[in-house]
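I have placed the structure first, in the form of structure tokens, so that the comments after it can refer back to it.
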Amino acid sequence: MCGLSLHDDAEALYGVKDQLAGSGRQVLLILDNCDDTRTDYSRYIPNRTIVTLIMTTRLSDAKKYASMDFRDNKLFFQLKGLDAKSAVDLIIDASDTQQRGHQAEHQAEQIATALDFQPLAINVASSLIQEQARYRKVNATFEVSAESLQRLASDDPSVKAAPTLLDILAFVDRQDVPEEMFLRAWKYEEEVLSEFEVDDGPEKGFIEDLTPWHQSDQLPVTEAQYLMGAAYQQNGQIPEAVDMLEHVVKVREKLEEEDPVRLASQRALAGARQTNGQITEAVEMLEHVVKLKEKLEEDDPSRLASQHDLAAVYMDNGQIANATALLEHVLKVNEKLEENHPSRLSSQHELARAYIANGQILKAVKLLEHVVKVGETTLRENHPSRPASQHALASAYLTNGRVPEAVKLLEHVVKVEGTTLHKHHPRRLSSQHELACAYDADGQTSASIELLKRVVDIRQRTLRKDHPDRIVSEKVLADILEEEQRLSEDEPGDMASAGPIASGGLASTRRSRLALRLQEKVRGSPRMPPASAIGETFVAHTDHELSTIAYVAATACLIWYCIVAVVCTIGCSQIWRHYSAPKPKSSLKPADSPHVAIIRPVKGLEPQLYDCLASTFRQDYPPERLHIRFCISDKSDPCLPVLDRLIDDYPAYDAQLLLQDEDEQLHNGQLNLGPNPKIRNMSRAYREAMGDIIWVIDCNVWVARGVCGRMVTRLEGHDGKHRNKLVHQIPLVVDIPGSTVGQETHGLLDGTNGDAQIRTTSSASTSTQTNADRTALTIGGGRLEESFMSSAHPKFYAAINTVAVAPCIVGKSTMFRKSHLDSVTDNRGIDYFSENICEDHLIGDRLWKHKVPEERQGETLGKHAFCFGDLAIQPMANMSLAEYWSRRIRWLRVRKFTVTLATFVEPGTESFLCSVYGAFAFSTLPYLHRIFGIPPTWTAFALLWLLSVSIWCLTDWALYLKLQSGASIEVDEETPFFARPPKSSTKRPFGEWLLAWLGREALALPIWIWAFWGGTRVEWRGKQFWVGLDMKVHEIKSSRQEDAASSATTPNGKARRD
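So in UniProt numbering, spot 581 of the sequence shown is number 581, and the numbers just go up one at a time.
This is the structure:
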């Protein structure tokens, strides 16, 4: 070359470069077949001279290696090759060795694709094929094969066993070689080798000496099994592919976790499982593969292929949002590829399927039309990718209502696949299934039924009973046949008289049926994904955002449901723990017991009023340390005889009756109090209280004899813990309809039957109320209140006060220090809250949020303490449903300004609505479907809701039994009947309790809606108020209200609703 005498290639290269560099001429250098990206081609370019370089390559992405011209354009020219059909024809004609047929064309297309459809390369390849085809006899072929294998075996150990295979094939007919023969051989080899795998004794050497062809390791066998599994899958033999690939994956577990060979087999197994309907297992395996491949470059083909496969499985699993996001990422990375690159087209195809599932039909149609158009120009008609994209486009047309176009396209797909795929192949059956659905949508019912019957027949013979594809086809066929049966039973005249309305209804029915039938799940085919398969209902989202909103909403519902479940569990466990036996008495010695000022505001006659108020005197606490004050508005209050009798019955106690009308500071202008009647009633008792400890108890509450001592112990920290700023306990309601208020009043006034009668009667109704008047509407409110305060309320009350994240005070019975409250209210005490109604909660909130003097000096005090085991029991009689409604409205309207957020989310803590949240989450979120196997159907939603409500109901029933059993109450001869344990096993039969529970749960949401959004007006203690945003109440003055206020009695003697 160049007149040089050279002895080797390296010397020749550098000699030529030096000769060219020293010539001083312009050089045109042509480098042909530059196909290896690892080769440094700059080493061939001479230095110190002007070189024009032309490089040829078959690399489709070589453009990125080209240089720029002065216009910043890469100097790259792509020469278009032959079209696919011409290339295949050229190979077959030029090679002159093959008969035409599907297999020959498929192999020819593979060669043409590898050669980038370039004519010269195809001619060279065809010549080589023709040259190698000179061995036309079997004997010559075997000889050449043996020689080639012997040469290869010296460099590749995996080829050592191949000559033995030739020995076997020499005695077998060239057609229909029995596959079972090799499977049995593989199995036997594994069994024999496994027995000697860990044995290093002489037997191992003996067996290997006897069988030298077993000396090769397991890897070649495993590789063959891997290829066999892939072949099974390509041929539609899916169960066989799964079995084979599961074995391969198990064997390759010995390799490193990130080994490409191991990951490739796992990816192949995931694909087979996907086609076999094992979606959950496929998702888990592919997520594992994708995670391990995250260490590769973003545009690594192996990484992108795994992400593509995972997205496809996500769609089969209903995770449409995840699939769409992943495919959009893959397509974005693949945008650098040529427009007709198979990887790019495949990503566009799969993304379009995701768009269809997500309801973005126009996007899907546009993308698929592009894919189909590109395929028509680059792929032969029967190439597998071409009918697949046409199938997907037809699905989009169907969903978009373009039925005739879908039918035409699917008929073409079915015709093509009929010549290339065997009749059992999943893709062929999928196309036939969808064409049958299109026929039905187009009104061609007979053709639809005929085609579906063939599909169902094949799938029943080839698929297991629970395979999704078989189930869908059977259901679709049954649906169409059932409708045809129904239509055939209708009179023709009826249909004719119905006219176009009936015809339109029938078409609508067909379109709605189509939604179900398009849920075909054949893996690897362009099918409608399971996002559209939501059982009885088809929901086609109109955009991507709706799917995201549903996913976020379901996640939020799940989080909320779990939070409520945890809170309920805490509350139930605390109640079960502390309310099973009476609590021990306080350890306080009489001399160490502090003075306690007991304030009991009274308004009107209440059920069992005497017993409730008398429980104050019956406390197991030194009488001289108790200072009891009964507070009423004026002497006209009908409760006055009861209070006088109480003070007379317990002369040893410091008990006084304080009238609001006689409070000089209130009436001479020294005090400017707000409209809260309860605070105005108690103001004097609080100001004149003896001792620092204040115990406020509502007049309609009964407490056991040891409660005062235990509350003082908790408040003062005598239980070995730190002192607390406020102490309270669970309130409990007992509904006791029965006798009349007249009996109690007359007994008190005439003194004939005295305490015996007072203690055993309940002021349930007036003497004028007959049994006929006692209906669910007139007395049912008490049962609803009893149900609420014995189940739903106590579990949340106990839980919140256990975790102590916020103040939660009902206020039936609270104990605190006067000095502490004065220090956080500018020395106004309870008067500070006279412009509010829910003073009990606000007192607790004030003490919770503000430091008292001891805390400012460094002492640690508990914010609140809960007296577990003690109950504040309120007997209730003859509360009507209207009164119950009014009571709940009042307190919700007050609370919506004091604890707005808690009141706003309160409906979500009720069983009905919270169970809706839970059922929606569990029947919507894909990962819960994978864990629990819950289908995303309305039936599943309803069953989940019913299950949740049932569990909730039984839990509340158990709580009701526990709290109403009186097990934690110290019972003695003074204990009234409503606080004693029931004579039977339950206070109420389950059926009776269940009706009350269902009624309360059903009313919870309507009451909340009316209270929260229906205004600010409330009625309390015979007066009307409106509540402002500043939490203050304002009394509404009217002549009607003034007339009502002048009445001295509580109407009908019914229970007051505070």
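Just so you know, even glycine gets a beta-carbon here, dropped at the ideal spot from N, CA and C. Please read all numbers here as calculations on a predicted model, not as lab measurements.
Please classify residue i: does DSSP put it in a helix, a strand, or coil?
{"i": "threonine 56", "result": "coil"}
{"i": "threonine 37", "result": "coil"}
{"i": "lysine 1023", "result": "strand"}
{"i": "threonine 537", "result": "With a pLDDT of 28 at threonine 537, under the threshold of 50, the modelled position of that residue is not reliable, and the figure given next carries that caveat. Residue state, collapsed to three classes: strand."}
{"i": "glutamate 855", "result": "helix"}
{"i": "phenylalanine 868", "result": "strand"}
{"i": "alanine 597", "result": "strand"}
{"i": "arginine 517", "result": "Since pLDDT at arginine 517 reaches only 45, below the 50 mark, its modelled position is unreliable, and the value read off the structure follows with that caveat. Of the three classes helix, strand and coil, the one that applies to arginine 517 here is helix, per DSSP."}
{"i": "asparagine 400", "result": "coil"}
{"i": "isoleucine 50", "result": "coil"}
{"i": "glutamate 883", "result": "helix"}
{"i": "histidine 793", "result": "helix"}
{"i": "residue 1065", "result": "Nothing about residue 1065 can be read from this structure; the chain reaches only from 1 to 1058."}
{"i": "valine 734", "result": "strand"}
Given a threshold of 16 other Cβ atoms within 10 Å of its Cβ, counted over all protein chains shown, does residue i qualify as buried or as exposed?
{"i": "alanine 1048", "result": "Confidence at alanine 1048 is low in this model, with a pLDDT of 38, below 50, so its placement is unreliable and the value that follows should be read with caution. Exposed, because fewer than 16 other Cβ atoms sit within 10 Å of the Cβ of alanine 1048."}
{"i": "valine 564", "result": "buried"}
{"i": "glutamine 964", "result": "buried"}
{"i": "valine 416", "result": "buried"}
{"i": "glutamate 294", "result": "exposed"}
{"i": "cysteine 572", "result": "buried"}
{"i": "lysine 585", "result": "exposed"}
{"i": "serine 508", "result": "Any reading at serine 508 must be qualified, since the residue scores a pLDDT of 44, below 50, and its modelled position is unreliable; the value itself is stated next. Looking at its Cβ environment, which holds fewer than 16 other Cβ atoms inside 10 Å, serine 508 is exposed."}
{"i": "serine 834", "result": "buried"}
{"i": "isoleucine 598", "result": "buried"}
{"i": "phenylalanine 77", "result": "exposed"}
{"i": "serine 911", "result": "buried"}
{"i": "glutamate 839", "result": "buried"}
{"i": "serine 787", "result": "buried"}
{"i": "tyrosine 14", "result": "exposed"}
{"i": "aspartate 299", "result": "exposed"}
{"i": "phenylalanine 630", "result": "buried"}
Below 8 Å on the Cβ atoms is my contact criterion, and I expect residue i with residue j to pass it. Report the Cβ-Cβ distance as a whole number of Å.
{"i": "leucine 327", "j": "leucine 351", "result": "4 Å"}
{"i": "alanine 438", "j": "alanine 406", "result": "5 Å"}
{"i": "alanine 270", "j": "aspartate 309", "result": "7 Å"}
{"i": "alanine 84", "j": "threonine 378", "result": "6 Å"}
{"i": "valine 88", "j": "alanine 121", "result": "Between alanine 121 and valine 88 the Cβ distance is about 14 Å, and since that is not below 8 Å, they are no contact."}
{"i": "valine 242", "j": "serine 265", "result": "With a Cβ gap of about 12 Å, valine 242 and serine 265 do not count as contacting."}
{"i": "threonine 462", "j": "histidine 424", "result": "5 Å"}
{"i": "residue 1099", "j": "leucine 732", "result": "Beyond the ends of the chain as shown, which are 1 and 1058, falls residue 1099; an answer cannot be given."}
{"i": "arginine 705", "j": "glutamate 973", "result": "No, arginine 705 and glutamate 973 are not in contact; Cβ-Cβ is about 11 Å, not under 8 Å."}
{"i": "leucine 398", "j": "alanine 441", "result": "7 Å"}
Return yes when at least one heavy atom of the ligand ATP lies under 7 Å from the C-beta of residue i, else no.
{"i": "serine 819", "result": "Here there are no bound small molecules, and the ligand ATP is not part of this structure."}
Let me check understanding here. Comparing Cα to Cα, which of the options lies closest to residue i?
{"i": "lysine 795", "options": "Tyr960, Arg464, Ile843", "result": "Tyr960"}
{"i": "tyrosine 650", "options": "Asn668, Phe617, Arg629, Arg625", "result": "Phe617"}
{"i": "serine 790", "options": "Asp620, Pro468, Cys953, Ser473", "result": "Cys953"}
{"i": "proline 926", "options": "Pro935, His841, Leu943", "result": "Pro935"}
{"i": "tyrosine 551", "options": "Ser473, Leu435, Phe920", "result": "Phe920"}
{"i": "threonine 359", "options": "Ala321, Ile111, Gly443", "result": "This sequence places glycine at residue 359; threonine is not what is there. Of the candidates Ala321, Ile111, Gly443, the one whose C-alpha sits nearest the C-alpha of glycine 359 is Ala321."}
{"i": "methionine 690", "options": "Leu726, Ala323, Glu624", "result": "Glu624"}
{"i": "phenylalanine 866", "options": "Ala799, Leu227, Leu13", "result": "Ala799"}
{"i": "leucine 821", "options": "Ile694, Ala704, Leu943, Ile889", "result": "Ile694"}
{"i": "arginine 95", "options": "Lys64, Arg846, Ile129", "result": "A quick correction: the sequence has serine, not arginine, at residue 95. Of the listed residues, the one whose Cα sits closest to serine 95 is Ile129."}
{"i": "arginine 600", "options": "Ala591, Ser633, Tyr561", "result": "Ser633"}
{"i": "tyrosine 832", "options": "Gly869, Leu715, Leu362, Lys678", "result": "Lys678"}
{"i": "tryptophan 885", "options": "Thr814, Gly999, Ile837", "result": "Gly999"}
How about the region 655-668 and the region 778-794: do they share at least three Cβ pairs that are nearer than 8 Å? no
Are at least three pairs of beta-carbons, each pair with one atom in the region 880-898 and one in the region 282-292, less than 8 Å apart? no
I want to know whether the region 579-586 touches the region 665-672 - three or more CB-CB distances under 8 Å. no
Three Cβ pairs or more, each shorter than 8 Å: is that satisfied between the region 727-738 and the region 880-887? no
Mind the definition here: the region 904-922 touches the region 988-1007 only if three or more C-beta pairs lie below 8 Å; say whether that holds. Output reads yes: the region 988-1007 touches the region 904-922.
So, does the region 941-949 touch the region 334-343, judging by three or more C-beta pairs under 8 Å? no
On the three-pair Cβ rule with 8 Å, is the region 842-862 touching the region 970-983? No: the two stretches stay apart, fewer than three of their Cβ pairs being nearer than 8 Å.
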